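Just so you know, the sequences run in chain order Z and U.
The end of the first sequence is residue 392 by my numbering, with every number in the run present.
The end of the second sequence is residue 1392 by my numbering, with every number in the run present.
Working notes for the structure below.
Number of protein chains: 2
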Amino acid sequence: MPRARCPKCNKTERVLKSGIIRGKQRFYCKDCNYHFTLVHNTRKSRSHPDTHDRPTSLKDIAKAAGVSITTVSRALNNHPDISEVTRHEIRKLADLMNYQPNIIAQSLVNRSTNTLGVIIPNLETTFFSSMLSGIQHVAAQSGYRVVICQSDESHLSEISNLQALMNNMIDGLLICHTLETSTFDHVRMQLNRNIPIVQFYRVSEELEISKILADDEHGAFDVTVNLVRSGCKRIAVLLGPKYLPITGKREAGYLKVLKKWKIKPDPRLIRYVNFSNESVMAAVEEWLNLKPGIDAIFSISDKSAVQIIRHLKSRGIKIPQAISVAGFGNEYTGEIVEPKLTTFDVKTKEIGETAARMLLEQIISKDNTPKTILIKGEFIQRESTRKPSGLF
Amino acid sequence: MPRARCPKCNKTERVLKSGIIRGKQRFYCKDCNYHFTLVHNTRKSRSHPDTHDRPTSLKDIAKAAGVSITTVSRALNNHPDISEVTRHEIRKLADLMNYQPNIIAQSLVNRSTNTLGVIIPNLETTFFSSMLSGIQHVAAQSGYRVVICQSDESHLSEISNLQALMNNMIDGLLICHTLETSTFDHVRMQLNRNIPIVQFYRVSEELEISKILADDEHGAFDVTVNLVRSGCKRIAVLLGPKYLPITGKREAGYLKVLKKWKIKPDPRLIRYVNFSNESVMAAVEEWLNLKPGIDAIFSISDKSAVQIIRHLKSRGIKIPQAISVAGFGNEYTGEIVEPKLTTFDVKTKEIGETAARMLLEQIISKDNTPKTILIKGEFIQRESTRKPSGLF
DNA sequence: CTATCTATCGCAAACGTTCGTGCAAATGAT
DNA sequence: ATCATTTGCACGAACGTTTGCGATAGATAG
């Protein structure tokens, strides 16, 4: 058994084993009263502390300039305590050594990361990705980074994303809930940390935080009004899940028009679906078999509306002569489909921009009093509905 | 002049001004030999160090459990040095106190952030946002966050985004260059840091880093072959800017088919555009005025192809009877337009997923040897081109 | 019972910043 | 010349972790 050599007295006689620590054999020299293991210098080369390959730090510049770390930091931050000559000298040196501040260290001491978190149901449709685009632009303008999470319309995923993001990583959160999300305890639990949260598009009214919404009620009102004015009397409406505030708002807008025009609402014409193609088509088929036929379909989303148009066309139904179809959202496909889709532009990008601006404002002002902003949309008359006659 | 009171001796007589520091007046008490400013306790309440409103840290748990910070850290990290009882005790306490580790502090000491950076030209089109979606999914599976930057097809924006992201913030970078980007020094400058970079979709061959590409040459080959087989002989092709590798690859695929079928290439049929609608339409108009007319248009992107279809239809040109139109990319709109667009599915989401997987592999293995992966796409025959006769 | 070993914990240094304060030298006022 | 003030810089603590190593009480072997 080759005895270990004590690094202090350089003898081997009085050295004995002293347990195993993290897989390595440890030794103990009775003479020197010294514990040691055989593998050393794991973390950094202690023999030559200069030969690190790390990016240059303030310490490196300080050493090169012959000043303290503090001075370098202050010089680079334009602190008034530093003289013009020193500042200049240090800046030149920092440039030369290609110094880039370590954002992580800055974040640790400043307790802020200049990062916003975004939780969004989906990125593969322009509807949401354009919101994200708006968010990212506004954030970048203010020097904020954006980290994103897709919940994929899964409530559980939303919860885990939320918890992951809120761990000291972000200065504020933007969230657009999934279709599944009907309880909000996971958000409520995070409110005691002092990280502001702003909901956008799909919001919950039971939370006392800021919200950015599309003007769903007015939007649905506008669309329905235009359908009525064009002569439609039996307008079927496709809505989202019943517990979503968006659904309620749109239904309210729709019903308000019927009431104003004294049209008796037919509950069979109001259907709540989960956006899946099957549920949409099932609703449409039922409508088509109704005894007093329908003369218009107002769909929750442009995507469904486009599917409906294709379906009706395949069944030989003329649009808009027999049935008018209107969508909601103003996605690009609505411009491509034939006939071109009448819809309501909810200004998704503007929603994202406004949400980000509000969040940044809350972060900077440190004032978290809840505000709500409605983004006004715009009715877009195209070809899938008849033109209003103007007699009303 | 109200003299300041010394916080030590509580006298005002021997206190004199001592410069201005960070905007605040400083004082000096000759008796106590003590410097002070009037505003105190900015960083934390030093009088009652217990009454912080910070999230619970290891230190808090340590104090509550009566052990050292080290022990708490090790208990929570399942370090073998900690006994079962202690570990249990501490975990229970941590749960109770709602402890969440500070990711920033972890990142600082571990020198890794578990974060990937993505620079992407645009988010408002499904083409790129679905790549991002793929990236995000793969990253999330491995516990990595994703921070995104849009370059908005601006070279300068790409550069500044790149520099901002590379400052210790991310463990690896995924980049898809802008249309403007023809020099790559800004990327080359970052290669000496040991942060792996992977290019995807739009790549540069002059950089020795990993790349994930669509199979442009085969894709263009497949599309062109199908046009030729359907009887087209004068196939106009719309390409991107000449300096993009993608352009070269597609042109090569196109030319290879012509050569194989012994069709003499006509330089007037090959146009390089910058994706703007005007440049596309200008090219189309020139083609339509050519003496021996064209019988097919193969477009760089589905978006342009759809625009071309609408343009040709508005001029009364039958598709595909008079002119076939094929796109590239397989965007959703191609399915909506009439006639439905024949195109090539480049599998954007798969490109994103593969890029993220490769980057993660490089990060974990610490092996940055460049690899290149071609993502195989799929030709999609729809209605905007004639069916191949099968005689060839 | 002694010699050795094991299990379990704590100390303190690092990671790269920012910032309150100390302090000597230069400057200004009388 | 003397004292009051300003200037310019440095020291060291703090942010919340991780981790190498030291230390000790109990266990085990001989």
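The beta-carbon is built from N, C-alpha and C at its ideal position, and this holds for glycine as well.
Since the structure is predicted, the reported quantities are computational estimates derived from the model, not experimental observations.
Contact set between residue i and chain U, taken where Cβ atoms lie within less than 8 Å
| i | result |
| --- | --- |
| residue 130/Z | 1123, 1124 |
| residue 55/Z | 1168, 1193 |
Span of the alpha helix (DSSP H), counted from its first residue to its last, around residue i
| i | result |
| --- | --- |
| residue 360/Z | 348-365 |
| residue 1129/U | 1126-1141 |
| residue 1322/U | From DSSP, residue 1322/U is part of no alpha helix (DSSP H); its letter is neither H nor E. |
| residue 222/Z | 216-229 |
| residue 1060/U | 1058-1065 |
| residue 1070/U | 1069-1076 |
| residue 1090/U | 1084-1096 |
| residue 372/Z | Taken as a continuous stretch (DSSP letters only), residue 372/Z belongs to no alpha helix (DSSP H), being part of the beta strand (DSSP E) at 372-375. |
Through-space distance from residue j to residue i, alpha-carbon basis
| i | j | result |
| --- | --- | --- |
| residue 1247/U | residue 1215/U | 12 Å |
| residue 282/Z | residue 1138/U | 35 Å |
| residue 60/Z | residue 105/Z | 15 Å |
| residue 1255/U | residue 1304/U | 21 Å |
| residue 1177/U | residue 1251/U | 20 Å |
| residue 1275/U | residue 1371/U | 29 Å |
| residue 1188/U | residue 1207/U | 7 Å |
| residue 87/Z | residue 69/Z | 13 Å |
| residue 1110/U | residue 1346/U | 38 Å |
| residue 71/Z | residue 82/Z | 7 Å |
| residue 48/Z | residue 76/Z | Per-residue confidence for residue 48/Z stands at a pLDDT of 40, beneath the threshold of 50, marking its modelled position as unreliable; the derived number appears in the next sentence. Using only the alpha carbons, I get a separation of about 28 Å. |
| residue 1272/U | residue 290/Z | 54 Å |
| residue 363/Z | residue 114/Z | 10 Å |
| residue 1331/U | residue 1300/U | 12 Å |
| residue 65/Z | residue 1107/U | 28 Å |
| residue 1067/U | residue 1073/U | 11 Å |
| residue 38/Z | residue 1079/U | Note that residue 38/Z has pLDDT 49, beneath the 50 cutoff, so the model's placement of it is unreliable and the number below is only indicative. Cα-Cα distance, rounded: 21 Å. |
| residue 265/Z | residue 284/Z | 18 Å |
| residue 1055/U | residue 1100/U | 8 Å |
| residue 1385/U | residue 1287/U | 18 Å |
| residue 130/Z | residue 353/Z | 10 Å |
| residue 1316/U | residue 1231/U | 21 Å |
| residue 349/Z | residue 198/Z | 16 Å |
| residue 1154/U | residue 1190/U | 19 Å |
| residue 1369/U | residue 1204/U | 16 Å |
| residue 97/Z | residue 169/Z | 29 Å |
Cβ-Cβ distance between residue i and residue j below 8 Å
| i | j | result |
| --- | --- | --- |
| residue 150/Z | residue 1142/U | no |
| residue 269/Z | residue 294/Z | yes |
| residue 1165/U | residue 1147/U | yes |
| residue 1119/U | residue 1158/U | yes |
| residue 1253/U | residue 1218/U | yes |
| residue 1224/U | residue 1128/U | no |
| residue 1196/U | residue 1359/U | yes |
| residue 1388/U | residue 1193/U | no |
| residue 292/Z | residue 234/Z | yes |
| residue 226/Z | residue 381/Z | yes |
| residue 125/Z | residue 1126/U | yes |
| residue 1375/U | residue 1212/U | yes |
| residue 334/Z | residue 306/Z | yes |
| residue 1236/U | residue 1296/U | yes |
| residue 1174/U | residue 1062/U | no |
Chain-ordered chain U contacts of residue i [CB-CB under 9 Å]
| i | result |
| --- | --- |
| residue 101/Z | 1167, 1168 |
| residue 273/Z | Within chain U, no residue comes near residue 273/Z; the closest Cβ sits about 20 Å away, beyond 9 Å. |
| residue 76/Z | What residue 76/Z touches in chain U: nothing, since even the nearest Cβ is about 14 Å away. |
Proximal chain U residues relative to residue i, where beta-carbon distance stays under 7 Å
| i | result |
| --- | --- |
| residue 332/Z | 1333 |
Amino acids of chain Z, ordered along the chain, whose beta-carbon sits closer than 9 Å to that of residue i
| i | result |
| --- | --- |
| residue 1339/U | Per Cβ cutoff of 9 Å: no residues; residue 1339/U is ~10 Å from chain Z at best. |
| residue 1136/U | 123, 148, 149, 150 |
Chain-ordered chain Z contacts of residue i [CB-CB under 8 Å]
| i | result |
| --- | --- |
| residue 1082/U | Within chain Z, no residue comes near residue 1082/U; the closest Cβ sits about 13 Å away, beyond 8 Å. |
| residue 1113/U | 104 |
| residue 1306/U | 336 |
Residue i - containing beta strand (DSSP E), residue span
| i | result |
| --- | --- |
| residue 1378/U | 1378-1380 |
| residue 146/Z | 145-150 |
| residue 1345/U | 1343-1345 |
Partner residues on chain Z for residue i, Cβ-Cβ distance less than 7 Å
| i | result |
| --- | --- |
| residue 1142/U | Under the 7 Å cutoff, chain Z gives no residues; its nearest Cβ is about 13 Å from residue 1142/U. |
| residue 1133/U | 123, 124, 150 |
- Message: Can you confirm whether the segment 338-349 of chain Z touches the segment 311-328 of chain Z when touching is taken to mean that 3 or more C-beta pairs between the two stretches lie within less than 8 Å?
- Response: yes
- Query: Can you find at least 3 beta carbon pairs, one from the segment 1074-1090 of chain U and one from the segment 75-92 of chain Z, that sit closer than 8 Å?
  - Reply: no
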